[in-house]
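Counting from 1, position 4 in the sequence shown corresponds to residue 4 in the UniProt record's numbering; the numbering is continuous, with no gaps.
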Amino acid sequence: MQASTETPHRVAEQLVALWHHCLSDATRLYSLLAELDIGLTDMKLMHHLSHSRTEPTVKELADSMRLSLPGASRAADALLRRGWVERREDEQDRRMKRLRITDDGRDVLRRVEEARLAGLESLIATLPAEDLDRLGAAIGPILRELEGRTP
1 MQASTETPHR VAEQLVALWH HCLSDATRLY SLLAELDIGL TDMKLMHHLS HSRTEPTVKE
61 LADSMRLSLP GASRAADALL RRGWVERRED EQDRRMKRLR ITDDGRDVLR RVEEARLAGL
121 ESLIATLPAE DLDRLGAAIG PILRELEGRT P
């Protein structure tokens with residue numbers, strides 16, 4: 001295996017610079033987030049629930065997301081009122097309430113992902129064909145390496 005000529009820090013800086021370019025064409029995404037009146041904590045919570053193998057309690061969710069318990073509880077309550085998350089009693093301990101994302105919540109995540117994808121696609125479509133090919137060739141192996149890790 002050949003030694004890298006890049007440092008993790010330098011590559012991270014380049015990825016941040018690339019990300020800033022990606023965000024420059026995020027008008028559709030920002031419009032949708034404003035239309036949905038959804039914040040970053042709400043998105044994080046729903047994303048976490050959509051990828052969770054279990055139905056966590058609010059405390060478990062707060063711990064795993066490094067949120068305060070009151071903050072996680074308020075966010076969960078707001079998402080419950082909107083029908084994007086539902087709460088149910090734990091089968092072994094009825095005092096505990098478990099959370100899961102609803103189909104409507106998954107639809108919100110899908111719409112946000114589509115808006116994010118549209119912005120990225122419009123940026124990438126401006127690249128010359130050879131750069132597009134190189135970018136695709138570089139991303140594939142990296143995604144395979146990262147697959148299976150928790151997002």
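Where is the CB? At the ideal position from N, CA and C, for every residue including glycine.
As the structure is a computational prediction, the values presented were derived from the model and not from experiment.
Option in T57, D104, G148 with minimal Cα separation from D93
Within the sequence shown, numbered from 1, the residue matching residue 93 stands at position 93. For the options T57, D104, G148, the alpha carbon positioned closest to that of D93 is the one of T57.
How would you label I101, buried or exposed, when you count the other beta carbons within 10 angstroms and need 16 or more for buried?
Walking along the sequence shown from the start, residue 101 turns up at place 101. Buried, because 16 or more other Cβ atoms sit within 10 Å of the Cβ of I101.
I'd like to know whether the C-beta of Q92 is nearer than 9 Å to at least one C-beta of chain D.
Chain labels in this structure do not include chain D; a single protein chain is all it has.
- Kindly indicate which three-state DSSP category R100 falls into: helix, strand or coil? For the purposes of this step, residue 100 is identified with residue 100 of the sequence shown, where counting begins at 1. DSSP places R100 in strand when its eight states are reduced to three.
Taking the beta strand (DSSP E) that R87 belongs to, which residues open and close that run?
For the purposes of this step, residue 87 is taken as residue 87 along the sequence shown, with counting starting at 1. Note, R87: beta strand (DSSP E), 85 to 89.
Contact defined as beta carbons within less than 8 Å: I believe I124 pairs with L132. What is the distance between those atoms, to the nearest angstrom? As a working note, residue 124 is residue 124 in the sequence shown. As a working note, residue 132 is residue 132 in the sequence shown. About 7 Å; that satisfies the 8 Å criterion.
Between which two residues does the alpha helix (DSSP H) holding R28 run? Stepping through the sequence shown from its first residue, residue 28 is reached at position 28. That run of the alpha helix (DSSP H) goes 27 to 36.
Is it buried or exposed for G71, if we count other Cβ within 10 angstroms and need 16 for buried?
Numbered from its first residue, the sequence shown carries residue 71 at position 71. When all chains shown are included, G71 counts as exposed.
Item to check | Per DSSP, cross-strand counterpart(s) of T57 | outcome: Here residue 57 corresponds to residue number 57 of the sequence shown, with the count starting at 1. Paired residues: R98.
Practice prompt. Count the other CB atoms, across all protein chains shown, that sit within 10 Å of the CB of V85; report buried if there are 16 or more and exposed otherwise.
Written response: Position 85 of the sequence shown, counted from the start, is the residue given in the question as residue 85. V85 is buried by the Cβ-count criterion.
Note to self: Comparing C-alpha positions only, which one of S24, L29, W19 sits nearest to E113?
What the structure shows: Within the sequence shown, residue 113 is the residue found at index 113, counting from 1. Of the candidates S24, L29, W19, the one whose C-alpha sits nearest the C-alpha of E113 is L29.
Would you check if the distance between the CB atom of L99 and the CB atom of R87 is smaller than 9 Å?
Along the sequence shown, read from residue 1 onward, the residue named residue 99 stands at position 99. Along the sequence shown, read from residue 1 onward, the residue named residue 87 stands at position 87. Contact flag set, yes.
Next on the checklist: Is it buried or exposed, D103, if we count other Cβ atoms within 10 angstroms and call 16 or more buried?
Outcome noted: As a working mapping, residue 103 is identified with position 103 in the sequence shown. Exposed, since its Cβ has fewer than 16 Cβ neighbours within 10 Å.
Keeping to the same chain, check which residues put their C-beta closer than 7 Å to that of D107; ignore five residues upstream and five downstream. To locate residue 107, count along the sequence shown from 1; it is residue 107. The answer is none, since no qualifying residue turns up.
query = With C-beta atoms as the reference, is A78 less than 9 Å away from L61?
reply = Locating residue 78 in the sequence shown gives position 78, where the first residue counts as 1. Locating residue 61 in the sequence shown gives position 61, where the first residue counts as 1. Contact: no.
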